[in-house]
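Peer 1:
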Amino acid sequence: MEIGRVRLVNIEEEVRVAYLDYAMSVITARALPDVRDGLKPVQRRILYAMDELGLRSTSPYKKSARIVGEVLGKYHPHGEAPVYEAMVRMAQPFSMRYVLVDGQGNFGSVDGDPPAAMRYTEARLSALAEEMLADIEKNTVDFTPNFDGTLQEPQVLPARLPNLLVNGAAGIAVGMATNIPPHNLGEVVDALTLVIDRLIGGLSAGIPFDLAWARLFHQTVPAETLAAALKTLPATLRARLGPGDAAQRTTALLSLVDQHLEITPDQLLACIKGPDFPTGGVIVGLDGIKQAYTTGHGRVLLRAVAHIEEARGGRSQIVVTELPYQVNKAALLEKIAELVRDRRIEGISDLRDESDRHGMRIVIELKREAVPRQVLTLLYKYTAMQTAFSINMLALVDGQPRALTLKMLLLHYLNHRRQVLARRTAYELEQARRRAHILEGLRRALDHLDQVIALIRAARDAETARSSLMKTLGLSEAQAQAILEMQLRRLAALERQKILDELKETQELVARLERLLADPAELLQLIRQELQTLKEKYADARRTRIVAEVTDDLAEEDLVPDQEVALLVTARGYVKHVPRETLATARRGRGVATALAREDDAVHHLLPTRTRQTVLLLSTRGRAYGLRVQDVPDARSQTRGLPLNNLVSLSAGETVCGLVPLQSTGDLVLVTRQGEVKRIPLAEFQSTRASGANAIALADGDELVWAGLATGEPDLLLVTAQGQAIRFSLADVRPSGRGSGGVRGIRLSDGDQVVAADLAGSTGDLLVVTRRGFGKRVPVSEFSTQGRGGAGVRAVRVTGRNGPVAGARVVPSGADLLLVSQEGLVVRLAVTTVATTSREAQGTPLIDLPAGDTIATLVVLDGQEASAAGTTTPGRTSARRSSPSARRATTTRPARTRRRTDGQS
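Going by my numbering, the letters in the sequence shown line up with residues 75 to 979, in that order.
The structure is reproduced here in structure tokens:
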């Protein structure tokens, strides 16, 4: 429907058409390279514009702004920045394996430095870019009108250089992307030579070219081509087809052709070892290379080149001389420094960049006690010194995006060169024929020289003379015109001989060019010769080494020192681990805020463990998450740590309620706030990942409050907020699967809830701590074992002075107690300093808390852990109230890790 100049359209149809048009424009005219010359349109236009400007590799440089303006005004009416960026990339030796633009000035660096503005830099074509443009004036490629129809631009370049393979390509289109790695020119030429030789061998055996070419490209062979081939096959090949009807002989013929032309991936890999990146590096493994070359998709592991040197003072240093492709050196140094600060990598004392115009040199100095090979392996693991390069060999074939194997990339290039050389030969043949025609006319004129002179002298004007010559000597108009334009000096005997010699040479050239056009094998030989010349002039040594496997790698567990640490989870959901020695004994009567907590975040869970341990995190919603301690940052300084959501998949509102070391034996015991108990074999959680798994089905309004590890069938003690406790045997709780709910452990009074639980044996004390910092010990023998589901007995008398129960643990006599308040106060005292009382007592003060502060969590360290953490001040600890400023003044802060680069930390 149209209203004046306004046309009403269906928006769905309009959006669909517009999006498809946009997508096809990006795919075909912006992001993907042409399989023939390996260039995107903007790159092709830049090279052609520079060629039109006469910027040869031996010409003076010209300002980049002039080149960009030429491209914009004539061929590429888009922004100047993208054009300049494309030109800059073609001039960067760390981006292109073989640069196509010879730049002068600042064209960027491997550190990610931007190039200078286009008004400062200058450029010209490189020698290899001239090879890309060679013979373009000989009608070798099709031209198309430019954007305004005033000029012609090439649709593709002749590309004597196999640019798509040697320089690669990268681009993101709509719904697809390409990432073709660069290769070594010498190796690519060897692979092309292998294909050419195999094809020439088939032709020499009598296989028709059209049939051989179609089979190489896996194309359907027309019936008439097969019929003609069966008739023209040499007798030796025809005999190998055997008896049978036409269909059987055709099948035998195709099988015979395939045998002659077969090129296996292993044969190509013998020529092209793999990608060859401009920045060098080491490719680890062969499987990814072979997969990429045979399917068009693959992934290779690329490593930096590094070695270990002896430094002064008996120390060692790691020296990096090559980086993986497209790795930013400055960003890499920052990442290493960050890992050192976070103590993800130990043993590095200094980091320097000593790179200069002679090459790259990154020096990583190590501490005296560091193991160099271990540090290097950690650098490979955690930094861009080891990266994965994903290969996706997608290119435009006849204007359509297609995923291509290595063999098909080689064949498409050869097909392009065959067409270019055929068109060049046809052009040169036409020129040679024209020249031979002219020379034949000159020879005839010299044979009748006197008559020619007389005709010219008698003619009234040039037109009359031309007509007389054409009529009298039977010359063409072009021949007659050439005779009229001939200089008198050429009438000399010596000049006459030169004309005859040139005529003979031109006639021989015509015959040679005609043979070349008529014989596909001759044309292939010419392609082969030009490739060999290209290899001799420009091929260089491979830069990227390829190793089948790394034999000096350490196992993953060897990458992490097996150290005793304390794993911490805070109220705000942060996680970190600190060395066990950080848990220093608190000063008498004073809580100390340490690296265990920040002033605005309190530790809620602390588990003594080791760096190579895997821990199960149990959430309040009854899910279990696997967490490797080595993935948790080492936070010796007073930092928050890492958000748990970065390591495990906690949902909104879900918090951690327990930490359990994951081992192969034992049972996971779970206790909910409503007194439900569940027992699950720990073997069911061996494969639990960070994404989590259900551990218990919870009733509405219930949540998990405690999780523990049980070996055998000990007793379980549950303690409620109102001071009730029950003890029963785990034998009363049958093991069940992860998807089920629990069974009743204790019968709660109104308003009461379970706040703590622990496993109990025949010895030890139940340590109970209330929210106001009161505590006491009660021998576990005071709690008789009864059946589960009862109301239990009193464990502590709860009053307004001591507050509800905050936590309870079964402790041995030689253990230490660590109390952490909500405000970050931390006090450590020997369990023996806590008074042993009856079940009815309310306990004695353990820490003097400021108003509004309460106990957040308590952790019990057994004898071995206490020894690792430090000595404990004997005797009863009396708490003393301290102001916030006083608390900050007594905070112990561990030394920060320094990165020294150029003398700065």
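Glycine is no exception: its CB is placed at the ideal position from the N, C-alpha and C atoms. Note that this is a predicted model, so its numbers are computed, not measured.
Taking the straight line between their C-alpha atoms, what separation do you get for R654 and V901?
Peer 2: About 15 Å.
Peer 1: Going by the CB atoms, is the gap between E787 and L804 shorter than 7 Å?
Peer 2: Against a cut-off of 7 Å, the Cβ pair of E787 and L804 comes out as a contact.
Peer 1: Are the Cβ atoms of V807 and A799 separated by less than 7 Å?
Peer 2: No, they are not a contact pair.
Peer 1: Quick check: the Cα distance between D209 and R498, rounded to an integer number of angstroms?
Peer 2: If I take the Cα positions, the gap works out to 7 Å.
Peer 1: By the DSSP assignment, the beta strand (DSSP E) with L562 in it spans what residues?
Peer 2: Premise fails: L562 is in no beta strand (DSSP E) and is neither H nor E.
Peer 1: According to DSSP, is F463 helix, strand or coil?
Peer 2: Looking at F463 - three-state DSSP - the assignment turns out to be strand.
Peer 1: Just the Cα atoms here: how many angstroms apart are L923 and D832?
Peer 2: If you take the alpha carbons of L923 and D832, they lie about 26 Å apart.
Peer 1: Tell me the rounded alpha-carbon separation between S278 and M124.
Peer 2: Distance between the alpha carbons of S278 and M124 is about 43 Å.
Peer 1: Output the residue ranges of the beta strand (DSSP E) runs that lie fully inside the stretch 772–829 and measure 3 residues or longer, sorted by chain position.
Peer 2: Qualifying beta strand (DSSP E) stretches, in chain order: 778–784, 789–794 and 798–803.
Peer 1: Between Y487 and the rest of its own chain, which residues show a CB-CB distance below 8 Å, the 5 nearest in sequence each way excluded?
Peer 2: If we look at Y487 and ignore the five residues flanking it on each side, its Cβ neighbours are V109, R110, A233, P236, L238, L239 and L266.
Peer 1: What separation, rounded to the nearest whole angstrom, lies between the Cα atoms of E88 and H150?
Peer 2: Answer to the nearest angstrom: the Cα atoms are 27 Å apart.
Peer 1: Are the stretch 216–223 and the stretch 178–192 touching by the rule of at least three beta carbon pairs closer than 8 Å?
Peer 2: Not touching, per the Cβ criterion.
Peer 1: Per DSSP, what are the beta-bridge partners of E384 in this structure?
Peer 2: BP columns for E384 point to S390.
Peer 1: What residues in its chain sit with their C-beta under 8 Å from that of D776, if we drop five residues either side in the sequence?
Peer 2: Correct list, in chain order: T746, R747, Q748 and E750.
Peer 1: With distances taken between CB atoms, is the gap from A60 to L736 smaller than 7 Å?
Peer 2: Because residue 60 is not part of the residues shown, which for the chain are 75 to 979, the question remains open.
Peer 1: Quick one: Cα of R140 to Cα of K114, how far?
Peer 2: Distance between the alpha carbons of R140 and K114: 21 Å.
Peer 1: So what does DSSP say about G245, is it helix, strand or coil?
Peer 2: Strand.
Peer 1: Measuring from the CB of S858, is there a heavy atom of the ligand NAD at a distance below 6 Å?
Peer 2: The ligand NAD is not part of the structure shown, which contains no ligands of any sort.
Peer 1: If you draw a straight line from the C-alpha of A155 to the C-alpha of A201, how long is it?
Peer 2: Rounded to the nearest angstrom, the two C-alpha atoms are 25 Å apart.
Peer 1: What three-state label does DSSP hand S956 in the structure shown?
Peer 2: Unreliable placement is indicated for S956, whose pLDDT of 34 sits below 50; no coordinate value is reported for it.
Peer 1: Exposed or buried, which one is Y699 when buried takes at least 16 other CB atoms within 10 Å?
Peer 2: When all chains shown are included, Y699 counts as buried.
Peer 1: Does the separation of the CB atoms of G921 and A880 fall below 7 Å?
Peer 2: The question names Gly, yet the displayed sequence has Ile at residue 921. No. Outside cutoff.
Peer 1: Return the CA-CA distance between V842 and G815, expressed in angstroms with no decimal places.
Peer 2: Approximately 28 Å, taken between the alpha carbons.
Peer 1: Looking at the unbroken beta strand (DSSP E) that takes in S423, where does it start and where does it end?
Peer 2: Per DSSP, S423 belongs to the beta strand (DSSP E) from I422 to D427.
Peer 1: Would you give the residue range spanned by the beta strand (DSSP E) that R198 belongs to?
Peer 2: It spans E196 to L199 - the beta strand (DSSP E) in which R198 sits, taken as one unbroken run.
Peer 1: Near A203, what residues of its chain come up, given a Cβ to Cβ distance below 6 Å and the 5 sequence neighbours on each side ignored?
Peer 2: Same-chain partners within the cutoff: L121 and L174.
Peer 1: DSSP has R883 in a bridge; who is on the other side?
Peer 2: The partner list for R883 (beta bridge, DSSP) reads L841.
Peer 1: Can you tell me whether R617 is helix, strand or coil according to DSSP?
Peer 2: Of the three classes helix, strand and coil, the one that applies to R617 here is coil, per DSSP.
Peer 1: Determine contact between the stretch 681–689 and the stretch 636–644, defined as no fewer than three beta-carbon pairs at a distance below 8 Å.
Peer 2: Yes, since at least three Cβ pairs between the stretch 681–689 and the stretch 636–644 fall closer than 8 Å, the two stretches touch.
Peer 1: Mind the definition here: the stretch 556–568 touches the stretch 449–457 only if three or more C-beta pairs lie below 8 Å; say whether that holds.
Peer 2: Result no; under three Cβ-Cβ pairs closer than 8 Å.
Peer 1: For L127, which residues of its own chain have a beta-carbon under 8 Å away from its beta-carbon, when the five flanking residues on both sides are left out?
Peer 2: Here the set comprises K136, R140, I141 and E144.
Peer 1: Is the Cβ-Cβ distance between A251 and R373 less than 7 Å?
Peer 2: No, they are not a contact pair.
Peer 1: On the three-state DSSP scale, how would you describe Y487?
Peer 2: If DSSP states are grouped into helix, strand and coil, Y487 belongs with the helices.
Peer 1: Taking Cβ positions only, does V584 come closer than 7 Å to chain C?
Peer 2: You won't find chain C in this structure, because it holds only one protein chain.
Peer 1: The alpha helix (DSSP H) with Y122 in it runs from where to where?
Peer 2: Element bounds for Y122: P115 to E126.
Peer 1: Going by other Cβ atoms of all chains shown within 10 Å of its Cβ, with 16 needed for buried, is E559 buried or exposed?
Peer 2: Classification for E559: exposed.
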